[in-house]
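Line order of the protein sequences matches chains X and P.
Numbering-wise (this note's numbering), the first sequence opens with residue 225 and increments by one.
Numbering-wise (this note's numbering), the second sequence opens with residue 10 and increments by one.
We put the beta carbon where it would ideally sit given N, CA and C, even for glycine.
Report on the following structure.
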Amino acid sequence: MGKIPKGSEKDHEGDEMCVSEKKEKQQDHSGVSRRKFLKAATLVGCTAVIANPSNASAYKEFEGWPDRYGMLTDFTLCVGCRSCEKACNEANGLPAPERSFDDGSVFNEMRRPTQDAYTVVNRYQDPNEPDKPVYRKIQCNHCNEPACASACPIHAYTKTKEGPVLYDPDLCFGCRYCMIACPFNVPAYDYDSALEPKIVKCVMCYDRIKEGGIPACADACPAGAVTFGKRDDLLKLAKKRIYQKPDRYIDHVYGEHEVGGTGWLYISGVPFEDLGFPKDLPNKPPIELTKGFLGAVPVVFTVWPALFGTIYAALKHRDELENNKTEHQVKEEGEK
Amino acid sequence: MSHNGTVARIDDFRSWFMDKLLMGMSWPEYMRKMLTPFNVLAAIILSVGIPVIGMRFIYGLSAVTHASHDYPWGLTLGWGLFGGVPLSATGFIMATAYYIFGFKGYKPLVRLGVLVGFMGYLFAVIYLLTDIGRPWRIYYPMLMGFGTASVLFLVAWHVATYLTVQFLEFSPAILEWLRSTRVRRWANMITIAMTIAGIILSTLHQSALGAMFLLAPGKLHPLWYSSYIPHFFLSSSVYAALAMVIIVSALVVRFMRKSTDTNFRDNLDRLTIGLGKGAFIGMFVYFALKLIGVAHDDHWGLLATPYGYWFALEMIGFVLLPSLVLVYGVKKESAGIVRMGAAYAVIGVLLNRINVSIIAFNWQMPDHLHHIIPPWQETAMVLAIVTIHILLFRWIVNRMPVVRKEPGYDEH
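Take a look at the structure:
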C-alpha cells in the first residue's frame, strides 16, 4: 500500500478552505448574524465530512503488477491454420487430438477449451462479407482481477506477478465455482476422472516465460496474429494499429477494460459480439460485486448478538416483572 | 468375572437394544413390521440409486450427470444445495421464534423445526459430497487454503459451523432418548447462545447462497440477477421454513401418529394457522422485495420477453398465488387449506432456486435448456439421497422425543 506523501495533508487543508468559508471569515468583524453563522457552521461541517473520505481514499490503488506480460490477438491477421493449437498441445504435453490439427472439418462446429485443449480456434462469418471467414482463438484471458480466483474457496488460483493466472490442482476439491464465475466460460473440468479430476486451462506457458521464452502459440503463429509482450506495450500496439488503419479495425480493444481488464487483448475487424464474445460485461472486476456483501459479514457477527440478546433480555425482563407482580399480589392477599 | 454376571449384562444389552433401537419389539417382530409398501418402494429406489452413486466414484461424474464445461452444476446442487438449504431454515426460524421472541405457544413444533433444519443441512452436505470432484478434500477450506475473498469460503465455514450448532440444539432430544440427566442440563444451558449463533450463521449463509451468483453478471439472466439477490434468498428462506414446518408436521401426524403426543396433536391445527399467517406475511415481504429489485434495475422492459413471461409466472403463479391461498386458509381458519398453500409455497421456493442455478443461468448460450432434463442416473442418485433422508428422519422421530414429551424431563 502506498503512503500518502507528506505534502498532501497540507494541500487538503487548503482544499477545505472553500470559497464560502473564506467569505464568512471576512465578514467576521462586521458582525455575524445568527443565520449566517449557522450557514457557515453547516458548510464547515459539510466540507469536513466530505473532505475526510477523499483523504482516506488518497492511498495509491493497486492497479496490478507493473511490467506484467500479456498477449494480443489480432483477428484480422488470423488465417485459421491452427498452428497455435498444435504448438500448445505439444508444449503442454496434452493428449493427441481425435482429429489432426490439419483437419479443417473442426470448423463446422463451435468448439471450446476442454480438458484436452487449452486453446481452440473457431470460424465465424464476417457479417459484411459473408464469403470471408473470421477466425477467433479462445483460451484463458488471464484477467487482471480474475473471477475464478475470487470464487475459489481454497485459494487454488494465483494471479502471478508475471501475468499468467495459475491453478493448483493440489488444493482444488472440485466445487467448480470458478467455472460458474468465469465470465468467458474458460475453465474446463476433467469429468471423466473419478479420483483425480482437475480444472484445465491455459497457463500462458508460465514456465517458458520464466525462462525468458515466449508462449508456444505466439511462437508458432505464422501470420503474426498472436503477439506476446508487456501488457502496457501491447495495449499501445493495439491502439496504434487501430489508429493507423481505422478502416481495418473496429475502434475497440477488447480486454482493455472488460471485467477490470484482461491480460489477453483482442482487436478485430468485426464486432466482438459477432465472434461470440460476451457483450454485457461490467468494466469493474467481478470481485467488486461481492465486496459489499462480504463487508457486511463482520457487522452481522457483532450487531446480531447484541440486538437479539437485547430482545431476549427485554422479553425475559417483562416476564419477570409480571411474575413478581403476581407473587407480590399473592403475598398481599395472604396477609389479608 | 462370574458367568451369571455376563449373562445379566447380555440381557441388559438386549433389552436396551430392543427398547432403544427396535422400539420395544423383538427382532422378528421388528422385521415383520418393516414390510410396508413405503419400505418396499424405498428399497427399490435405493437398489437403483446406490449403485449409481457407486458408479460416480468409479467412472467419474461424466458417467452419471450431464455436467459439462459450460454447465458445471446440475440437479444435484440445484435441488440438494440451493433448494435444500432454504427449506432447512426451519431450525433457526422456530428456535428464534420460541427462545428469543417468546412465541411460547409454538413449543410443540420447536424440536421438529430443529431436526428438519439439522437434517436438511446434513443432507445438503451429502449432496455436495456426491457432486464435488474430490469430496475427501471437503475440509480444505478450513485447513489447506483460505479463499477469504470468496463467498463460497463463507458458505463452507458457515454450513460446517451451523451443522455443529444445530446438532447441539438437537442434542437434548438425543440425550433424553439415552436417558442422560446431567449432560442434558448442560445442553440446556447453551440454548440461548446457540440460538443466537444460529441467527448469525443462517442470515449470513442463506443470503450468501444468493451472493454466490453476484460474481456472474451476464451469465445469470438480468431478471434474476440483482444486487438484491442475497436479500431475496434470505427473505424467501424465512417463509420457506414456516411452510416446511407446516408440511412436515402434517405428514408426521398423518403417517407417524404413534410418535406424537396429545399435546402435539391437539395444538397442531391452531399452530398451523399461526405459522400460515407468518408465512404469507413473509411472502408479501419477498414479493415486494422482488418488485423493488426489478424497479431498481429498471428491467420492466424485459418482462415482455420469453424469460420475462417465465419470471412473471414464477412471481405470480408461485409466490403471489400460494400466498393468497394461505391468506384464504388463515381467514377461513382451515388448517387443511393452509397446508395446501404451504406445499404450494415450498414448490415456489424450489422453482426459484432451480431457476437461478439452472434455468436462467447461461441463458445466452446457444442450445441453452438442452441440459434441463437430467439424465436418469442423476435423478436416481438424487431420489436415493431423498429416500435415505426420509428414512433417517423417520428413524429419529420414531425413537427420540421430537414431537412428544419425554416423561421425566421438565419443560424447557
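Within the 8 Å Cβ cut-off, does P/A220 reach chain X?
For the purposes of this step, residue 220 of chain P is taken as residue 211 along the second sequence, with counting starting at 1. Judged by the 8 Å Cβ criterion, P/A220 is in contact with chain X.
P/M198 by DSSP, collapsed to three states: which one?
In the second sequence, counting from the first residue as 1, residue 198 of chain P sits at position 189. Here P/M198 sits in helix by DSSP.
Would you call the CB atoms of P/V339 and P/T99 closer than 8 Å?
Position 330 of the second sequence, counted from the start, is the residue given in the question as residue 339 of chain P. Position 90 of the second sequence, counted from the start, is the residue given in the question as residue 99 of chain P. No, these two residues do not count as a Cβ contact at 8 Å.
Taking the Cβ atom as the reference point for each residue, do X/Y536 and P/I199 lie within a distance shorter than 8 Å?
In the first sequence, the residue the question calls residue 536 of chain X occupies position 312. In the second sequence, the residue the question calls residue 199 of chain P occupies position 190. Their beta carbons are not under 8 Å apart, which means X/Y536 does not touch P/I199 by this criterion.
Of the residues X/A442, X/T338, X/A418, the one placed nearest X/M428, counting alpha carbons only
Stepping through the first sequence from its first residue, residue 428 of chain X is reached at position 204. With distances taken between Cα atoms, X/M428 lies closest to X/A442.
Would a check of beta-carbon distances place X/A371 closer than 8 Å to chain P?
On the first sequence, position 147 is the one that residue 371 of chain X refers to. Cβ-Cβ to chain P under 8 Å: yes for X/A371.
Our contact map puts X/T300 next to X/K361 with C-beta atoms below 8 Å; I'd like the distance itself, whole angstroms only.
Counted from its first residue, the first sequence places residue 300 of chain X at position 76. Counted from its first residue, the first sequence places residue 361 of chain X at position 137. Between X/K361 and X/T300 the Cβ distance is about 13 Å, and since that is not below 8 Å, they are no contact.
Classification of P/K299 by the beta-carbon crowding that lies within 10 angstroms, buried from 16 upward:
Counting from 1 along the second sequence, the entry for residue 299 of chain P is found at position 290. The residue is buried, with at least 16 neighbouring Cβ atoms inside 10 Å.
Within the segment 272–344 of chain X, note down every full beta strand (DSSP E) run reaching 3 residues or more, in order along the chain.
293–298
Which residues share a DSSP beta bridge with P/F490?
Chain P is shown only over 10 to 421; residue 490 of chain P falls outside these bounds and no answer can be derived.
My parser needs the beta strand (DSSP E) runs of 3 or more residues fully inside the segment 487–523 of chain X; what are they?
488–491
7 Å Cβ shell around X/A380 - same chain, five flanking residues per side excluded
As a working mapping, residue 380 of chain X is identified with position 156 in the first sequence. Taken in chain order, the residues that qualify are Y391, D392, L395, C396.
Between the alpha carbons of P/V192 and P/W186, how many angstroms are there, rounded?
The count along the second sequence starts at 1 and reaches residue 192 of chain P at position 183. The count along the second sequence starts at 1 and reaches residue 186 of chain P at position 177. P/V192 and P/W186: Cα-Cα distance of roughly 12 Å.
Nearest by alpha-carbon distance to P/L480: which of X/C399, X/A315, X/L458, X/N332 is it?
Nothing can be reported for residue 480 of chain P: it is not among the residues displayed for chain P, which extend from 10 to 421.
Could you give the DSSP three-state label for P/F222: helix, strand or coil?
By one-based count along the second sequence, residue 222 of chain P stands at place 213. Of the three classes helix, strand and coil, the one that applies to P/F222 here is helix, per DSSP.
Taking all protein chains shown into account, do 16 or more other C-beta atoms lie within 10 angstroms of the C-beta of X/P522, making it buried, or fewer, making it exposed?
In the first sequence, counting from the first residue as 1, residue 522 of chain X sits at position 298. Result: exposed.
Among P/Y171, P/V168, P/I367, P/W195, which residue has its Cα nearest to the Cα of P/P181?
The sequence position of residue 181 of chain P within the second sequence is 172, counting from 1. Per the Cα distances, P/W195.
Helix, strand or coil: how does DSSP classify P/T157 here?
Within the second sequence, the letter at position 148 stands for residue 157 of chain P. DSSP places P/T157 in coil when its eight states are reduced to three.
Cβ-based neighbour list, X/E480, same chain, cut-off 7 Å, excluding 5 preceding and 5 following
In the first sequence, residue 480 of chain X corresponds to position 256, counting from 1. If we look at X/E480 and ignore the five residues flanking it on each side, its Cβ neighbours are L459, L489.
Output, in sequence order along the chain, the residues in the segment 77–100 of chain P whose CB is closer than 7 Å to any CB in chain X.
H78, D79, P81, W82
Below-8 Å beta-carbon distance, X/C308 vs any chain P residue
Start at 1 with the first residue of the first sequence, and residue 308 of chain X comes out as number 84. Taking Cβ atoms only, chain P never reaches closer than 8 Å to X/C308, which makes this a no.
Just to confirm, is the Cβ distance from P/L322 to P/L284 under 8 Å?
Taking the second sequence and counting its residues from 1, the one referred to as residue 322 of chain P is at position 313. Taking the second sequence and counting its residues from 1, the one referred to as residue 284 of chain P is at position 275. No, Cβ-Cβ distance for P/L322 and P/L284 is not below 8 Å.
If you drop the 5 nearest sequence neighbours on each side, which residues of the same chain put their C-beta closer than 6 Å to that of P/L70?
Indexing the second sequence from 1 puts residue 70 of chain P at position 61. Excluding residues within five positions, the ones whose Cβ falls inside 6 Å are A76.
Which word fits P/T396, buried or exposed, when buried means at least 16 other C-beta atoms lie within 10 angstroms of its C-beta?
For the purposes of this step, residue 396 of chain P is taken as residue 387 along the second sequence, with counting starting at 1. Classification for P/T396: buried.
Hey, quick one: how far does the beta strand (DSSP E) through X/I362 stretch, first residue to last?
Working through the first sequence from its first residue, we reach residue 362 of chain X at position 138. 357–362 is the span of the beta strand (DSSP E), which, as asked, contains X/I362.
Compare the C-beta of P/M390 against all C-beta atoms of chain X and say whether one is closer than 8 Å.
Locating residue 390 of chain P in the second sequence gives position 381, counting from the first residue. Chain X, which has no Cβ nearer than 8 Å to the Cβ of P/M390, makes this no.
Distance between beta carbons of P/A393 and P/I62, contact taken as under 8 Å
Mapped onto the second sequence, residue 62 of chain P falls at position 53. Mapped onto the second sequence, residue 393 of chain P falls at position 384. At roughly 7 Å, the Cβ-Cβ gap stays under 8 Å, so P/I62 and P/A393 are in contact.
Look at the Cβ atom of X/M348, then the Cβ atom of X/L499, and state whether they are nearer than 8 Å.
Along the first sequence, read from residue 1 onward, the residue named residue 348 of chain X stands at position 124. Along the first sequence, read from residue 1 onward, the residue named residue 499 of chain X stands at position 275. Note that residue 348 of chain X is Tyr in the sequence shown here, rather than Met. A contact, by the Cβ cut-off of 8 Å.
Can a CB atom of chain X be found closer than 8 Å to the CB of P/P384?
For the purposes of this step, residue 384 of chain P is identified with residue 375 of the second sequence, where counting begins at 1. No, because no Cβ of chain X sits closer than 8 Å to the Cβ of P/P384.
CB contact check: P/V160 to chain X, cutoff 8 Å
Taking the first residue of the second sequence as position 1, residue 160 of chain P is located at position 151. Cβ-Cβ to chain X under 8 Å: yes for P/V160.
Beta-carbon separation of P/P239 and P/S216 under 8 Å?
Translated into positions along the second sequence, residue 239 of chain P becomes position 230. Translated into positions along the second sequence, residue 216 of chain P becomes position 207. Yes, the Cβ-Cβ distance between P/P239 and P/S216 is below 8 Å.
Burial state of P/T45, where buried means 16 or more other Cβ atoms lie within 10 Å:
As a working mapping, residue 45 of chain P is identified with position 36 in the second sequence. Under this definition P/T45 is an exposed residue.
As assigned by DSSP and simplified to three states, the class of X/F397
Position 173 of the first sequence, counting from 1, holds the residue named residue 397 of chain X. DSSP places X/F397 in coil when its eight states are reduced to three.
Work out the CA separation of P/F222 and P/L213 for me, nearest whole Å.
The count along the second sequence starts at 1 and reaches residue 213 of chain P at position 204. The count along the second sequence starts at 1 and reaches residue 222 of chain P at position 213. Straight-line measurement puts the Cα of P/F222 at about 15 Å from the Cα of P/L213.
Please report whether the beta-carbon of P/P6 lies at a distance below 8 Å from any beta-carbon of chain X.
In the structure as shown, chain P starts at 10 and stops at 421, and residue 6 of chain P therefore has no counterpart that could be examined.
Can you name the start and end residues of the beta strand (DSSP E) that X/T451 belongs to?
Within the first sequence, numbered from 1, the residue matching residue 451 of chain X stands at position 227. Start and end: 450–454.
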